[in-house]
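Colleague: So that we are looking at the same thing, I have put the structure below in structure tokens.
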Amino acid sequence: MENAKTFIGLATTAYIMIVCLISIWPGVIAESKGRSFKPWYIAGIICFPMALLGSLLLRDLKKDTFN
Amino acid sequence: MNLIKINKKFNTKLSKNIEQKKKAVRQSLNPLLITDELFRISKVDLKNLCYDENGLHSEEAKKRLSVCGPNEIAHEKADPWYIQLIKSFINPFNVVLMLLAVISFIMDVVLAEPDEQSWEAVIIITTMVTLSGILRFIQEYRSNKSAEKLKALVKTTATVIRKDTGKHEIEMSKIVPGDIIMLSAGDMIPADVRILSSKDLFVSQSALTGESMPVEKFDTPDLSKTKENCNVTDLPNMCFMGTNVTSGSAKALVIATGNSTYFGSMAKSIVGHRSQTSFDKGVNSVSWLLIRFMTVMVPIVFIINGITKGNWLEAFLFALSVAVGLTPEMLPMVVNANLAKGAVSMSKRKTVVKRLSSIQNFGAMDVLCTDKTGTLTRDEIVLERHLDIHGNTDDRVLRHAYLNSYYQTGLKNLMDVAVLKYGNEKGFSEQTDKYQKVDEIPFDFKRRRMSVVLQNGDGKRQLVTKGAVEEMLAVCTFAEYQGNVVPLTENIKNEVKEMVRRLNEDGMRVIAVAQKNNIPEDNSFGVKDECEMVLMGYIGFLDPPKETASQAIAALNEYGVKVKILTGDNEIVTKKICKEVGMPIDRIIMGYEIESMSDEELKIVVEKTNIFAKLTPEQKSRIIKVLQSNGHTVGFLGDGINDAPALKEADVGISVDTAVDIAKESADIILLEKSLMVLEEGVVEGRKTFGNIMKYLKMTASSNFGNVFSVLAASAFLPFLPMMPIHLLVQNLLYDISQTSIPWDNMDIEYLKVPRKWDAASIKRFMLWIGPVSSVFDITTYMLMFFVFGANKPELQSLFQSGWFIEGLLSQTLIVHMIRTPKIPFIQSRASAPVLLLTAAIMGIGIIIPFTGFGASIGLQPLPMNYFPWLAATLLSYCLLTQIIKAAYIKKYNDFL
Numbered sequence: 000m001e002n003a004k005t006f007i008g009l010a011t012t013a014y015i016m017i018v019c020l021i022s023i024w025p026g027v028i029a030e031s032k033g034r035s036f037k038p039w040y041i042a043g044i045i046c047f048p049m050a051l052l053g054s055l056l057l058r059d060l061k062k063d064t065f066n
Numbered sequence: 000m001n002l003i004k005i006n007k008k009f010n011t012k013l014s015k016n017i018e019q020k021k022k023a024v025r026q027s028l029n030p031l032l033i034t035d036e037l038f039r040i041s042k043v044d045l046k047n048l049c050y051d052e053n054g055l056h057s058e059e060a061k062k063r064l065s066v067c068g069p070n071e072i073a074h075e076k077a078d079p080w081y082i083q084l085i086k087s088f089i090n091p092f093n094v095v096l097m098l099l100a101v102i103s104f105i106m107d108v109v110l111a112e113p114d115e116q117s118w119e120a121v122i123i124i125t126t127m128v129t130l131s132g133i134l135r136f137i138q139e140y141r142s143n144k145s146a147e148k149l150k151a152l153v154k155t156t157a158t159v160i161r162k163d164t165g166k167h168e169i170e171m172s173k174i175v176p177g178d179i180i181m182l183s184a185g186d187m188i189p190a191d192v193r194i195l196s197s198k199d200l201f202v203s204q205s206a207l208t209g210e211s212m213p214v215e216k217f218d219t220p221d222l223s224k225t226k227e228n229c230n231v232t233d234l235p236n237m238c239f240m241g242t243n244v245t246s247g248s249a250k251a252l253v254i255a256t257g258n259s260t261y262f263g264s265m266a267k268s269i270v271g272h273r274s275q276t277s278f279d280k281g282v283n284s285v286s287w288l289l290i291r292f293m294t295v296m297v298p299i300v301f302i303i304n305g306i307t308k309g310n311w312l313e314a315f316l317f318a319l320s321v322a323v324g325l326t327p328e329m330l331p332m333v334v335n336a337n338l339a340k341g342a343v344s345m346s347k348r349k350t351v352v353k354r355l356s357s358i359q360n361f362g363a364m365d366v367l368c369t370d371k372t373g374t375l376t377r378d379e380i381v382l383e384r385h386l387d388i389h390g391n392t393d394d395r396v397l398r399h400a401y402l403n404s405y406y407q408t409g410l411k412n413l414m415d416v417a418v419l420k421y422g423n424e425k426g427f428s429e430q431t432d433k434y435q436k437v438d439e440i441p442f443d444f445k446r447r448r449m450s451v452v453l454q455n456g457d458g459k460r461q462l463v464t465k466g467a468v469e470e471m472l473a474v475c476t477f478a479e480y481q482g483n484v485v486p487l488t489e490n491i492k493n494e495v496k497e498m499v500r501r502l503n504e505d506g507m508r509v510i511a512v513a514q515k516n517n518i519p520e521d522n523s524f525g526v527k528d529e530c531e532m533v534l535m536g537y538i539g540f541l542d543p544p545k546e547t548a549s550q551a552i553a554a555l556n557e558y559g560v561k562v563k564i565l566t567g568d569n570e571i572v573t574k575k576i577c578k579e580v581g582m583p584i585d586r587i588i589m590g591y592e593i594e595s596m597s598d599e600e601l602k603i604v605v606e607k608t609n610i611f612a613k614l615t616p617e618q619k620s621r622i623i624k625v626l627q628s629n630g631h632t633v634g635f636l637g638d639g640i641n642d643a644p645a646l647k648e649a650d651v652g653i654s655v656d657t658a659v660d661i662a663k664e665s666a667d668i669i670l671l672e673k674s675l676m677v678l679e680e681g682v683v684e685g686r687k688t689f690g691n692i693m694k695y696l697k698m699t700a701s702s703n704f705g706n707v708f709s710v711l712a713a714s715a716f717l718p719f720l721p722m723m724p725i726h727l728l729v730q731n732l733l734y735d736i737s738q739t740s741i742p743w744d745n746m747d748i749e750y751l752k753v754p755r756k757w758d759a760a761s762i763k764r765f766m767l768w769i770g771p772v773s774s775v776f777d778i779t780t781y782m783l784m785f786f787v788f789g790a791n792k793p794e795l796q797s798l799f800q801s802g803w804f805i806e807g808l809l810s811q812t813l814i815v816h817m818i819r820t821p822k823i824p825f826i827q828s829r830a831s832a833p834v835l836l837l838t839a840a841i842m843g844i845g846i847i848i849p850f851t852g853f854g855a856s857i858g859l860q861p862l863p864m865n866y867f868p869w870l871a872a873t874l875l876s877y878c879l880l881t882q883i884i885k886a887a888y889i890k891k892y893n894d895f896l
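Chains as they are written, first to last, in numbering that gives the first Met the number 0: chain A, 0 to 66; chain B, 0 to 896.
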């Protein structure tokens with residue numbers, strides 16, 4: 000039981016930290032396409048795969064502006 | 000010691016031994032006494048001052064020097080080695096660590112049972128402090144030594160009259176009370192002096208009073224008009240050490256030297272008065288941020304561990320070790336060793352760094368403003384032409400110019416040297432026997448001309464003036480035109496201007512020469528006498544650019560430093576020089592145009608303009624201020640008296656060895672070699688220094704931030720401490736050792752190409768992004784040791800702790816390589832050999848320790864071999880995740896270090 004508590008505690012901390020770190024990518028990709036960083040970062044924290052895919056499929060607003 | 004006391008002692012009490020006299024000198028250093036004496040001496044009648052018009056005899060001066068000591072201010076000298084050593088240890092981090100060492104000593108030695116006494120923590124903390132202090136001392140001592148050696152080559156001199164050797168230049172440090180000195184524009188006043196005779200003498204006392212306007216000083220002032228409660232600097236017949244002559248000339252008697260001067264008495268408050276740069280402030284703010292971090296974290300760690308583990312003493316010791324771990328004790332060492340190393344490498348290129356932090360400003364500089372004459376151009380001005388108004392060679396013009404240069408005693412101008420050299424070659428030196436000097440009206444930067452009044456054997460008097468063409472036209476009403484003296488009409492003026500323009504286009508600096516015979520029988524002349532003169536013609540000088548000027552400008556541009564020329568010279572000559580040094584001319588702005596602009600307008604203009612001509616010293620200084628307010632870090636390269644305000648205003652004031660005293664005194668950096676390529680090297684050195692400091696700051700801030708998570712997670716979820724206090728201390732010591740090599744690391748070439756400025760926000764965001772990466776792998780290591788290797792009971796904590804000891808040390812050491820470059824470490828960018836070797840050695844030692852007797856003595860144990868593949872996978876994943884986050888960081892901020 001004691002070990003389970005340790006496992007849950009450490010695993011949860013590690014998971015949260017990894018998610019918080021890798022969610023930076025959807026945010027950065029979205030920002031490079033002219034969107035705001037924060038909403039995409041938060042979306043990454045909630046569901047990383049979806050946010051990453053979404054950010055990759057986003058239309059590049061910066062390119063549109065130049066055209 | 001002041002002159003009257005000195006005279007009395009030397010004249011009447013010669014039997015007193017030297018030691019007694021030295022004691023008297025020391026006793027007279029009270030600032031209040033010094034001020035009182037200066038007031039008293041200013042009121043003493045000149046004949047009661049017991050001085051000799053012909054100056055002291057050299058032997059007498061020697062004796063006085065042995066009693067009074069050299070004419071130097073004690074506070075300007077480097078501290079003796081033992082003071083430097085003590086200062087190397089005094090910083091907030093060492094204070095914190097020593098406090099922790101004392102607590103450890105009380106807990107582990109004083110209060111512990113005799114068989115449980117442990118000295119390890121005290122020894123390790125003391126070793127850290129010693130290491131940081133000694134390394135800092137060695138670098139700073141080396142830097143001071145090389146700076147002193149070079150400073151000895153930079154000589155500031157004064158003109159002294161000695162009985163046996165006559166008028167000659169000596170080093171300022173050899174001036175003694177009783178010496179008679181000559182002062183002229185551009186001179187630093189070498190000591191406290193009483194004026195004996197003066198001519199339009201204006202002195203800038205800003206170093207003492209902060210007042211930027213020069214004040215006039217006289218030999219025979221009406222002291223009754225001096226206010227009763229006036230400041231000593233208001234005394235009109237006294238000049239003070241540290242001030243400088245802006246115009247005019249004077250003969251003066253030295254009253255006090257060295258620490259006995261008014262400047263010496265105030266030196267503590269004046270020397271080092273320069274405000275902190277944004278870099279200094281930034282490093283301090285990061286230091287305090289990290290200390291605050293520690294003070295918040297330590298109680299939290301203590302309470303959580305106390306509650307979860309129940310052993311409050313152990314929790315307290317662990318919290319103490321965390322405090323040691325979070326203290327960036329190497330920060331002062333890394334910052335100072337980096338700056339000192341930069342100064343040492345500049346000294347190898349014959350460059351004196353007077354202010355250590357200016358090395359960093361050199362790297363941050365993105366605009367270099369430079370004077371033209373003597374900096375971009377060689378200081379070998381050659382007289383090329385001597386012409387009448389129509390442009391024909393005319394020896395009469397040359398003769399008048401020669402007499403003017405020969406008899407003037409004011410500003411020692413390169414052009415006068417060129418006139419005299421050329422005149423001597425032409426045999427004009429014999430002419431001087433025919434004339435006698437009656438008076439002179441010295442040069443100043445407002446009038447930009449100088450005059451001498453001469454009398455020939457027949458008693459005929461003549462005023463001979465030479466100076467800038469515009470200013471000369473303003474005082475001439477006649478001209479020698481086609482062999483006759485005719486009124487100077489607008490047509491003739493236009494002809495003159497056209498001729499001067501043509502000469503300027505050939506790159507020539509033109510000076511007009513004029514004279515007048517109808518002058519009063521007076522023996523004292525002033526500026527008002529420079530009127531109704533007869534314009535004779537011009538002399539033209541060539542001032543070729545330095546060979547390295549174009550190369551240096553191109554190199555600076557390549558390194559992102561824009562070069563702007565700020566000159567008092569006219570725009571045509573400036574244009575010609577710019578063409579020769581390959582400087583594109585975006586736009587030229589004249590001094591009078593700037594005068595009518597508001598600061599807001601000037602802010603826009605300075606960005607679009609790279610050449611500013613016909614500037615006054617104040618305008619140069621204003622341009623620098625405006626550039627700074629636009630967010631630029633501005634350097635200024637100058638050598639003249641008119642450059643001094645700009646040199647002080649700039650973030651980096653750079654001067655050359657041949658500059659006037661006040662320019663060298665105002666500069667942060669002095670180039671002893673003529674080559675300007677050293678500027679590029681200085682920029683690169685500054686950026687390297689800055690980069691290496693930023694590496695350490697970002698590494699420490701992020702790794703401390705990450706450690707906070709790791710320690711909190713361990714404290715909250717583990718049934719025992721993740722590491723014993725002694726393990727944390729050993730790990731921290733090894734990590735510190737690996738970081739001592741950072742000042743010797745190299746920087747990527749791309750980093751060096753862009754000006755680098757302090758950016759506090761970048762440190763904070765770097766910490767937030769990179770810090771948590773190491774925590775992720777600390778936590779996975781906890782899980783690995785706890786669940787895979789079964790170290791899940793307090794009896795097995797040694798195995799657990801050994802596992803984290805190695806992983807923690809290796810990941811912290813590896814981060815040096817990950818963070819030092821935005822590129823892929825080891826593949827695209829490799830650290831310098833000292834960094835590679837030291838980090839590899841520390842990683843090796845870290846792996847071996849648990850297998851050694853020392854490891855066993857501090858409670859570590861050998862790890863099973865199957866731990867190492869896990870370790871390798873952990874470190875590989877750590878590098879990979881760091882690289883991913885690094886790439887995202889660079890993509891978002893377009894910046895890394």
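Beta carbons are placed, not taken as given, at the ideal position from N, Cα and C, and that holds for glycine.
#1: For a quick check, are the C-beta atoms of Val772(B) and Leu880(B) less than 8 Å apart?
#2: Taking 8 Å as the cut-off, decide whether the C-beta atoms of Gly681(B) and Phe317(B) are in contact.
#3: Ignoring anything shorter than 3 residues, give me the beta strand (DSSP E) runs that lie fully in the region 519-597 of chain B, in order along the chain.
#4: Note down the Cα distance separating Glu672(B) from Leu402(B), rounded to an integer number of angstroms.
#5: Count the other C-beta atoms from every protein chain shown that fall within 10 angstroms of the C-beta of Phe825(B), then say buried if there are 16 or more, exposed otherwise.
#6: Could one say the Cβ of Lys763(B) lies closer than 8 Å to chain A's Cβ atoms, at least one of them?
#7: Which residues in chain A sit within 9 Å of Asn304(B), going by Cβ to Cβ distance?
#8: What are the complete alpha helix (DSSP H) segments, minimum 4 residues, inside the region 728-809 of chain B?
#9: Which whole-angstrom value describes the C-beta separation of Arg446(B) and Glu470(B), a residue pair presumed to lie in contact below a C-beta threshold of 8 Å?
#10: According to DSSP, what are the bridge partners of Gln204(B)?
#11: Report the partner residues of Asp191(B) according to the DSSP bridge assignment.
#12: Rounded to a whole number of angstroms, what is the C-alpha to C-alpha distance between Phe88(B) and Tyr81(B)?
#13: Could you check which residue in Ser172(B), Asp438(B) and Pro754(B) has the C-alpha nearest to that of Arg63(B)?
#14: Since Phe6(A) meets chain B, which of its residues come closer than 9 Å, beta carbon to beta carbon?
#15: Going by alpha carbons, who is nearest to Leu809(B) out of Ala790(B), Ala840(B), Ala322(B) and Glu794(B)?
#16: Hey, out of Gln618(B), Val677(B), Asn517(B) and Leu487(B), whose CA is closest to Ala554(B)'s CA?
#17: Check Val43(B) in the structure and name its three-state DSSP category.
#18: Examine chain B for any beta-carbon lying closer than 8 Å to the beta-carbon of Ser35(A), and answer yes or no.
#19: Quick one: is Gly456(B) buried, meaning 16 or more other Cβ sit within 10 Å of its Cβ, or exposed?
#20: Can you name the residues that DSSP bridges to Ser197(B)?
#21: Starting from Cys475(B), trace the beta strand (DSSP E) in both directions and tell me its first and last residue.
#22: Using a C-beta cutoff of 8 Å, does Asn310(B) count as contacting chain A?
#23: Output the distance between the C-alpha atoms of Gly559(B) and Val604(B), rounded to the nearest integer angstrom.
#24: For Thr12(A), I'd like the list of residues in its chain whose CB is within less than 7 Å of its CB, leaving aside the five on either flank, ordered along the chain.
#25: Could you tell me if the beta carbon of Met784(B) falls within a distance shorter than 7 Å of some heavy atom in the ligand HEM?
#26: For Leu487(B), which residues of its own chain have a beta-carbon under 7 Å away from its beta-carbon, when the five flanking residues on both sides are left out?
#27: With DSSP collapsed to three states, give me the class of Asn310(B).
#28: Okay, do the region 318-327 of chain B and the region 689-708 of chain B touch, 3+ Cβ pairs below 8 Å being the bar?
#29: Given that a residue counts as buried once 16 or more other Cβ atoms are within 10 Å of its Cβ, and exposed if not, what is Val109(B)?
#30: Rounding to the nearest angstrom, what Cα-Cα distance links Leu57(A) and Trp768(B) in this structure?
#31: Just to confirm my understanding: we take Asn629(B), look at its own chain, exclude 5 residues before and 5 after, and list those with CB closer than 8 Å. What are they?
#32: Mind checking which residues open and close the alpha helix (DSSP H) that includes Val707(B)?
Modeller: Result, derived from the coordinates:
#1: Taking the second sequence and counting its residues from 1, the one referred to as residue 772(B) is at position 773. Taking the second sequence and counting its residues from 1, the one referred to as residue 880(B) is at position 881. With contacts defined as CB atoms closer than 8 Å, Val772(B) and Leu880(B) qualify as a contacting pair.
#2: In the second sequence, counting from the first residue as 1, residue 681(B) sits at position 682. In the second sequence, counting from the first residue as 1, residue 317(B) sits at position 318. Cβ distance not < 8 Å, so Gly681(B) and Phe317(B) don't count as in contact.
#3: Qualifying beta strand (DSSP E) stretches, in chain order: 532-541, 561-565 and 587-589.
#4: As a working mapping, residue 672(B) is identified with position 673 in the second sequence. As a working mapping, residue 402(B) is identified with position 403 in the second sequence. Rounded to whole angstroms, the gap between the alpha carbons of Glu672(B) and Leu402(B) is 33 Å.
#5: Residue 825(B) sits at position 826 when you count from the first residue of the second sequence. An exposed status is given to Phe825(B), since fewer than 16 other beta-carbon atoms sit within 10 Å of its beta-carbon.
#6: As a working note, residue 763(B) is residue 764 in the second sequence. Proximity of Lys763(B) to chain A, defined by a Cβ-Cβ separation below 8 Å, is not satisfied.
#7: Taking the first residue of the second sequence as position 1, residue 304(B) is located at position 305. Correct list: empty, because the minimum Cβ distance to chain A is about 15 Å.
#8: Complete alpha helix (DSSP H) runs here, min 4: 748-751 and 759-782.
#9: In the second sequence, residue 446(B) corresponds to position 447, counting from 1. In the second sequence, residue 470(B) corresponds to position 471, counting from 1. Between Arg446(B) and Glu470(B) a beta carbon distance of about 6 Å is seen, short of the 8 Å cut, so the two are scored as contacting.
#10: Counting from 1 along the second sequence, the entry for residue 204(B) is found at position 205. None; Gln204(B) has no bridge partner.
#11: Stepping through the second sequence from its first residue, residue 191(B) is reached at position 192. According to DSSP, which records beta bridges pairwise, Asp191(B) is partnered with Ala255(B).
#12: Sequence index remark: in the second sequence, residue 88(B) carries index 89 (1-based). Sequence index remark: in the second sequence, residue 81(B) carries index 82 (1-based). One C-alpha to the other measures close to 11 Å.
#13: Along the second sequence, one-based indexing puts residue 63(B) at 64. Residue Ser172(B) is the option with its Cα nearest to Arg63(B).
#14: In the first sequence, residue 6(A) corresponds to position 7, counting from 1. The contacting residues are Phe716, Met782, Phe785 and Phe786.
#15: Working through the second sequence from its first residue, we reach residue 809(B) at position 810. From the listed residues Ala790(B), Ala840(B), Ala322(B) and Glu794(B), the smallest Cα separation to Leu809(B) is found for Ala840(B).
#16: For the purposes of this step, residue 554(B) is taken as the residue at position 555 of the second sequence. It is Val677(B).
#17: On the second sequence, residue 43(B) is found 44 positions in, with the first residue counted as 1. The answer is coil: DSSP assigns Val43(B) none of H, G, I, E or B.
#18: By 1-based counting over the first sequence, the position of residue 35(A) is 36. Not one beta carbon of chain B lies nearer than 8 Å to the beta carbon of Ser35(A).
#19: Taking the second sequence and counting its residues from 1, the one referred to as residue 456(B) is at position 457. Result: exposed.
#20: The residue given as residue 197(B) occupies position 198 in the second sequence. Residue pairing for Ser197(B): DSSP places it in a beta bridge opposite Ala249(B).
#21: As a working note, residue 475(B) is residue 476 in the second sequence. Taken as a continuous stretch (DSSP letters only), the beta strand (DSSP E) holding Cys475(B) covers Cys475 to Tyr480.
#22: The residue you call residue 310(B) lines up with position 311 of the second sequence. No, Asn310(B) lies away from the interface with chain A (no Cβ there is under 8 Å from its Cβ).
#23: Here residue 559(B) refers to the residue found at position 560 of the second sequence. Here residue 604(B) refers to the residue found at position 605 of the second sequence. Going by the C-alpha atoms only, they are around 20 Å apart.
#24: The residue given as residue 12(A) occupies position 13 in the first sequence. Within the same chain, Thr12(A) has no close Cβ partners at all.
#25: No copy of the ligand HEM appears in this structure; indeed no ligand is present at all.
#26: Here residue 487(B) corresponds to residue number 488 of the second sequence, with the count starting at 1. Counting only residues of its own chain and dropping the five nearest sequence neighbours on each side, Leu487(B) has a CB closer than 7 Å to the CB of Cys475, Thr476, Phe477, Ala478 and Leu534.
#27: Stepping through the second sequence from its first residue, residue 310(B) is reached at position 311. Looking at Asn310(B) - three-state DSSP - the assignment turns out to be coil, as it is neither helix nor strand.
#28: Yes, since at least three Cβ pairs between the region 318-327 of chain B and the region 689-708 of chain B fall closer than 8 Å, the two stretches touch.
#29: As a working mapping, residue 109(B) is identified with position 110 in the second sequence. With fewer than 16 other Cβ atoms within 10 Å, it is exposed.
#30: By 1-based counting over the first sequence, the position of residue 57(A) is 58. By 1-based counting over the second sequence, the position of residue 768(B) is 769. In a straight line, the C-alpha of Leu57(A) is about 24 Å away from that of Trp768(B).
#31: On the second sequence, position 630 is the one that residue 629(B) refers to. For Asn629(B), the CB contacts under 8 Å within the same chain, skipping 5 residues up- and downstream, are Lys602, Val605 and Glu606 in chain order.
#32: Mapped onto the second sequence, residue 707(B) falls at position 708. Boundaries of the alpha helix (DSSP H) around Val707(B): Met676 to Phe716.
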